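Residue numbers (the working numbering): 7 to 446.
For every residue, glycine included, the Cβ atom is placed at its ideal position computed from N, Cα and C.
The model shown is predicted, which means the values in this text are computed figures rather than measured ones.
One structure below.
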């Protein structure tokens, strides 16, 4: 018997189960009777009759107690995890329509050991169950938010807030934007991403952007930067630069600079380098911060942008924002590995550039271990590029190539005690993960 029918048979024992389950599984072929076909639940003799159908009966009205009975019944049945989860989500969704607080109370009382969420030592419901509340959160955003914020759900409140944001951001981004300052700090950036991604380009998206800027109030440039990451990069860089250069400090200048930063994403390295030469000297720091907030791994001029930022004295900002961008350039094959490695070798020697250097040379080493070995051996002994390159070589040989012999060569060749110790620890961690005798 197919899972939906088996579940329905379990719930039939509690009287109201068939009504709830039928509503929940109406879209599944195994429990749906297409219009014009006879129900498979009728006896054969009834299916073959050509008598007119009786008037459709109204569905019985179900209250909190009915849903509680159905909810409790599911927990007592020996169902597969997927079957149980699917049915519980259907019950919760229907329950929430008529009694949101009751449905939330029910799911919050569950303590699961299977695929649950652990907070403060307590195991809560599996995350998929929260998806059952998406529709009611979207239909009644203010009522549901007030209930979530009531304080009755303790540490799990944060999980409910996240689900509320995921649901409402898609249907009422303007409402979410108006509530930004009232959201917990840990969810504010998530809210910005959600409403910008969940809204199509047009007047509504523009209104959301205006509201975000208004809510930011000069205190949250990161919200504005994140919002503009979701906007197209089709502006004219030169025209936008000329505009923001003449504007006084304030929202108009800030927004125009963000538009300018977004317009740089698709420029190739040569054109970008030329554009950056026109930045007024007194605006270099501000313009660099804007550019770094908008540039992406896929941007053809990424390395030119980073070079400019470093030359403008923004090395710490580059070190903070760029390592994973650089890594993605290599991992996604957006640039020849040898070209990226060459760029990395030309970084200034600094504690701020070490991680960038590792990210820049990783793919080059992994693609050809023998070639990379010759490359490192040709470097001056004791140079910071060679020392850190050997450490990256050791890690790539182990994690990507399962080659402890090559890793040992690199580890033995490192002369800097601190770099050697860090590389040795990474090797020990790898051995612990891969060798049962060490792990035990």
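query, result
"Contact between the stretch 135 to 150 and the stretch 186 to 193 (3+ Cβ pairs under 8 Å)", "no"
"Residue 94 vs residue 104 beta-carbon contact at 9 Å", "no"
"Cutoff 9 Å: residue 429 Cβ touching any chain B Cβ", "Here chain B cannot be found, since the structure has a single protein chain."
"Proximity winner among 317, 247, 254, relative to residue 265 (alpha-carbon distances)", "247"
"Local conformation of residue 205 per DSSP, three classes", "coil"
"Neighbour-count burial assignment, residue 71, 16 or more Cβ in a 10 Å radius", "exposed"
"Proximity to residue 306 [Cα-Cα], best of 289, 278, 352", "278"
"Cα-Cα separation, residue 208 to residue 74", "44 Å"
"Completely contained alpha helix (DSSP H) runs for the stretch 209 to 263, where each covers 4 or more residues", "209 to 222, 227 to 235, 243 to 252"
"First and last residue of the uninterrupted alpha helix (DSSP H) at residue 359", "No alpha helix (DSSP H) contains residue 359, which DSSP labels as neither H nor E."
"Length of the line joining the Cα atoms of residue 121 and residue 113", "Model confidence at residue 121 stands at a pLDDT of 48, short of 50, so the residue's coordinates are unreliable and nothing is read from them."
"Presumed contact (8 Å Cβ cut-off) between residue 403 and residue 375, rounded CB distance", "6 Å"
"Contacting residues, own chain, Cβ-Cβ under 7 Å from residue 174 (five flanking each side not counted)", "143, 144, 147, 181, 182"
"Short Cβ contact (9 Å threshold) for residue 366 with residue 350", "yes"
"Buried or exposed by the 16-neighbour rule on C-beta atoms within 10 Å, applied to residue 411", "exposed"
"Same chain only: Cβ atoms within 8 Å of residue 253, ignoring 5 sequence neighbours per side", "259, 262"
"Local conformation of residue 68 per DSSP, three classes", "coil"
"Close Cβ partners of residue 272 (< 8 Å) along its chain, the five nearest in sequence each way excluded", "239, 305, 306"
"First and last residue of the uninterrupted alpha helix (DSSP H) at residue 380", "375 to 383"
"Burial state of residue 440 (16 or more Cβ within 10 Å)", "exposed"
"Contact check, residue 244 vs residue 276, beta carbons under 9 Å", "no"
"Distance between beta carbons of residue 377 and residue 337, contact taken as under 8 Å", "Not quite, the Cβ-Cβ distance comes to about 19 Å (not below 8 Å), so this is no contact."
"Delimiting residues of the alpha helix (DSSP H) encompassing residue 314", "308 to 317"
"Member of 288, 372, 334, 394 whose CA lies at the smallest distance from the CA of residue 353", "394"
"Neighbour-count burial assignment, residue 359, 16 or more Cβ in a 10 Å radius", "buried"
"9 Å Cβ cutoff met for residue 325 and residue 362", "yes"
"Residue 211 versus residue 288 - alpha carbon distance", "33 Å"
"From 224, 269, 157, 251, residue whose alpha carbon lies closest to that of residue 234", "269"
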